[in-house]
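Below: one structure, written as structure tokens.
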Amino acid sequence: SSELQEDATSGVQCNANGRVSSIRFVRNNLNGVLPTELIHLAASITSFVVNSDLLSGNALDVLSKLTNLEALSIAGNRGVDGSLTTQILELSNLRVLDLQSCAIEGSFPTQLGQFLTNLSDINVRSNAMTGTFPFDSFGTGSALERVIVYGNQFGGNLPSTMPPSLMRLEMGDNVVLGGIPTTVSSWSSLTWLDLQNNQLTGNIPSQIGDLDQLEYLNLSVNLIKGPIPSDVGRIKSLKELRLERNGLTSSLPTALGMLSSLQRLYLESNTLTGTIPPTFEQLSETLVDSSFHNTDITGDFDVLCGQGQTQQTVFV
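Position one of the sequence shown corresponds to residue 33 (the working numbering), numbered consecutively onward.
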């Protein structure tokens, strides 16, 4: 978004009235705690971006008082701790919240989406946050497009519904429990779904085939069982499918060979059986990498390599 673009001339910008509207410093070796005097900028500042520096302390205690912020980013400041208190709900204009790679603890306020109705991007990757993400607080009119909470300690079950606007969900490397709901078909705007390395159980529901915008699907390193549903073959936009290190059984559905955009396919370390379906020969036109290692799948894996393709790697 525009508020996160690099300013080549200065780290501070002012509005037409001469008041500070934007602060941006990236990799400037800024260190220490944020001065409480920043609160005096609350009436004018709309963007605060200080990334990959050496800030420390509870920076959010100060920043959550800058109530006109549209972009708040302190990514890559490993010394920043504290938590997201209900004070963050005062930032009603906030569109971008980027706290990636800090040391934030605690959970999101349960009313996050009800108060921050303009929020489109949330990134808290690689922190120590807990609880459940408050998907149900974001209504059908939500602006939420990207939720990146990878590498925390979020638990609970996946929600039955998602904000219709949501296009990217990265929730891998957490402790999410339960199964993938059959209502997954309502997550219809998703182009990227990463749920790897959680504690998901049950089967992959056939309704996942309704996600016709999906380009990346990662369910690897979970406790998912049962067959790969043939409905996955309906996701024609899919470019990467990662199902490795689960408890998947049965044979490969022939419909997977109909994934005309598929570039990467990883199925290793499952209890899959049977032979490579003849339809998989069609994958050779797009596939550049695949793995069937530690499965009981047999057959002619050369059909995946295509004519004269050297970039194709097949691990069996």
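Cβ atoms here follow ideal geometry from the backbone N, Cα and C, with glycine treated the same way.
| Asked | Found |
| --- | --- |
| Option in Gly211, Leu288, Ser84, Asp93 with minimal Cα separation from phenylalanine 57 | Ser84 |
| 9 Å Cβ cutoff met for proline 309 and threonine 286 | yes |
| Delimiting residues of the beta strand (DSSP E) encompassing glutamine 314 | That residue, glutamine 314, is in no beta strand (DSSP E); it is neither H nor E in DSSP. |
| Environment of asparagine 109 [buried if 16+ CB atoms lie within 10 Å] | buried |
| Expected contact under 8 Å - CB spacing of valine 65 and isoleucine 55 to nearest Å | Actually they are not in contact, since the Cβ atoms of valine 65 and isoleucine 55 sit about 15 Å apart, beyond 8 Å. |
| Spatial neighbours of methionine 192 in its chain, beta-carbon cut-off 7 Å, leaving aside the 5 residues before and after | As written in the sequence, residue 192 is serine, which differs from the methionine given in the question. The answer, listed in chain order, is Pro213, Thr215. |
| DSSP state of valine 81 mapped onto helix, strand, coil | strand |
| Entirely enclosed beta strand (DSSP E) segments - the stretch 134-162, minimum 3 residues | 153-155 |
| 3 or more residues per run - each beta strand (DSSP E) lying fully within the stretch 168-214 | 178-180, 200-202 |
| Option in Gly145, Val128, Ser105, Ser133 with minimal Cα separation from threonine 118 | Gly145 |
| Among His325, Ala74, Leu291, the one whose alpha carbon lies nearest that of glutamate 313 | Leu291 |
| First and last residue of the uninterrupted alpha helix (DSSP H) at alanine 91 | 91-95 |
| 6 Å Cβ shell around leucine 92 - same chain, five flanking residues per side excluded | Gly114 |
| Pick from Ser88, Gln239, Glu300 that is closest to arginine 277, judged by C-alpha positions | Glu300 |
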